[in-house]
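Below is one structure, written out as structure tokens, with a few remarks after it.
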Amino acid sequence: MITIAFSLFGLFACLLGAGAGAASETITRDVVIVGGGSTGTYAAIRFKDLGKSFVVVERSHRLGGHAETFYPADHTPINYGVEGLFNTSATRAYLQRLNVTYEVRVPASSTDQYLNLRTGAKVPVEPFDEQQVLKPYLDAIAQFPFLNDGVYDLPDPVPEDLLLPFGDFVKKYHLEDTILPNINHGCGDILRTMTLYHVQYLGIPHAKALGDGYIRPVNGMAEIYTRAAKELAPPPPVTVRHANGTTRLIRANQLLLTIPVTLENLRDIIDLDAHETDLFARWRHQTYYTALINNTGLVDGVNLLNIDPDNPLSVPYEPFIWRIDAQRVPGYRTIKLVGNQSFTASDARQLLVETFARLRAQGTFPTARMPQIVTWGDHTPATMSVSAAEIRDGFYRELYGLQGRHRTFYTGLSWASDYSNLLWAYTDTVIEQMRAAWGQTM
């Protein structure tokens, strides 16, 4: 049995599943799930349905991670984080399991305006069909079917094309006219990012979802997690919260880590051995922030998309604002900001201020003013990556080889494409591995 000491300073251990009572300072469960985002919540529902006891440890006051929803005065939901889900039978079944009513995701009625947000100037762009524009790119990546599930299921040797900087891949396959300058924004400087990570950001399953459409809960993405919370913790809820650094012991047969496996995240959770430390120390990542803003002075019904015609293929260089989108509720806009590891939340807020000042000074939107930030989200780390040399040397083979070691299992964005549907599917495979070990551990 695994024993873990959680220092619950800033951690909220929530949704203790069926099993031993929580009055004791030691909690005993079949499984401890670290992380209550999309993946951790999905895993908890699965374990409940399998009749296993569990505890979810989450540092936030809520479940759902990047699924962030704001409800203004008229209660119309505004999703300022994750905005939709792939329209698949598995997705629909999960939403039905939680009694979440869903609808086809239809963006707010609006038009797209391309701007160079570095200068504040408008950029003329001819209308285009996204599916048609992307087709040559999708044809080029069809040679990598082992990535179709969003998992880093790489052959040995790894195809060198996947290890090319994306700009070189574009040149090799003559894709210059087919790459939209604002795709794969979470990769940062997209032409310098390795092709592998582009395929994991926009690959065959993602393109299929674009064609099939997305769905979303009628009452906002957050409803998935409020309903899951009620499902997992029926009254009276069993929760523990300590803001004073108190340590709480959790004893479990298995550990499932759903958070990004960085040394910083894991430092106060588990003792890593030398091999685990070596692997997790190699990660690099992007920073990614979201915000909901209002009182912008911008015209309603217009989305602002950032491109930079002074750069190759007009891609913006980081740090940058990806886009500023109009919402169904007049006056509100969502905004996405991307940078490298050193780009802080403070930097992102400053970039927002400077951008609106440029829009006004340039005369593009003379009425633009410093917006009110209604709410802010931090999706860091995004696009977790390692070097081409490390991938050639078997990094992902070693990473997946950690599954089940020390009765510890892993899922989440470090292990699969960071889209809920693909993460849930990978989580199902991990749970099957955990079930295979139950006869030995439970």
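So the sequence shown is residues -23 to -1, 1 to 419, counted in mature numbering (1 follows the signal peptide of the UniProt record, and there is no 0).
The C-beta atom is built at its ideal place from N, Cα and C for all residues, glycine as well.
As the structure is a computational prediction, the values presented were derived from the model and not from experiment.
Neighbourhood of residue 93 by C-beta distance below 6 Å, restricted to the same chain and skipping five residues each side: 100 and 285
Residue 333: CB within 6 Å of a non-hydrogen atom of the ligand NAP: No copy of the ligand NAP occurs in the structure displayed, which carries no ligand at all.
Cβ pair count under 8 Å reaching 3, the region 61 to 68 against the region 186 to 202: yes
Residue from 307, 416, 170 and 363 whose Cα sits closest to the Cα of residue 255: 363
Same chain, Cβ closer than 7 Å to residue 341, neighbours up to 5 away in sequence not counted: 92, 97, 98 and 99
Buried versus exposed call for residue 7 [16 or more other C-beta atoms within 10 Å across all chains shown]: buried
Length of the line joining the Cα atoms of residue 234 and residue 325: 29 Å
Three-pair Cβ contact test at 8 Å for the region 404 to 417 versus the region 30 to 42: no
Secondary structure of residue 95, DSSP reduced to three states: coil
Backbone secondary structure at residue 339 - three-state DSSP: helix
Nearest-angstrom Cβ-Cβ length linking residue 267 and residue 354, presumed shorter than 8 Å: 4 Å
Secondary structure of residue 131, DSSP reduced to three states: coil
Residue 184 to residue 122 span [Cα, whole Å]: 13 Å
Three-state class that DSSP yields for residue 350 in the structure shown: strand
Residue 229 - DSSP class collapsed to helix/strand/coil: strand
C-beta contact flag for residue 165 and residue 393 at 7 Å: no
Spatial neighbours of residue 307 in its chain, beta-carbon cut-off 6 Å, leaving aside the 5 residues before and after: 277
Exposed unless 16 or more other CB atoms sit within 10 angstroms - verdict on residue 177: buried
Three-state secondary structure assigned by DSSP to residue 240: helix
Residues near residue 202 by beta carbon distance below 7 Å, same chain, minus five either side: 18, 39, 40, 41 and 44
Minimum C-alpha distance to residue 315 - residue among 282, 265, 175 and 148: 265
Whole-angstrom distance between residue 51 and residue 136, CA atom to CA atom: 52 Å
At least 3 beta-carbon pairs within less than 8 Å: the region 249 to 263 vs the region 371 to 382: yes
Length of the line joining the Cα atoms of residue 388 and residue 154: 36 Å
Limits of the alpha helix (DSSP H) - the one that residue 144 falls within: 143 to 149
Spatial distance of residue 204 from residue 290 (CA atoms): 44 Å
Alpha helix (DSSP H) segment containing residue 186, residue limits: 181 to 189
Nearest residue (CA-CA) to residue 399, options 29, 186 and 27: 186
Residue 149, buried or exposed, once every other Cβ within 10 Å from all chains shown has been counted against 16: exposed
For residue 302, three-class secondary structure by DSSP: strand
Residue 23 burial status per 10 Å Cβ neighbour count (16 or more: buried): buried
Residue 161 beta carbon less than 7 Å from that of residue 139: no
Supposed close pair residue 260, residue 159 - CB separation, criterion 8 Å: Contact flag wrong, Cβ pair sits at about 25 Å.
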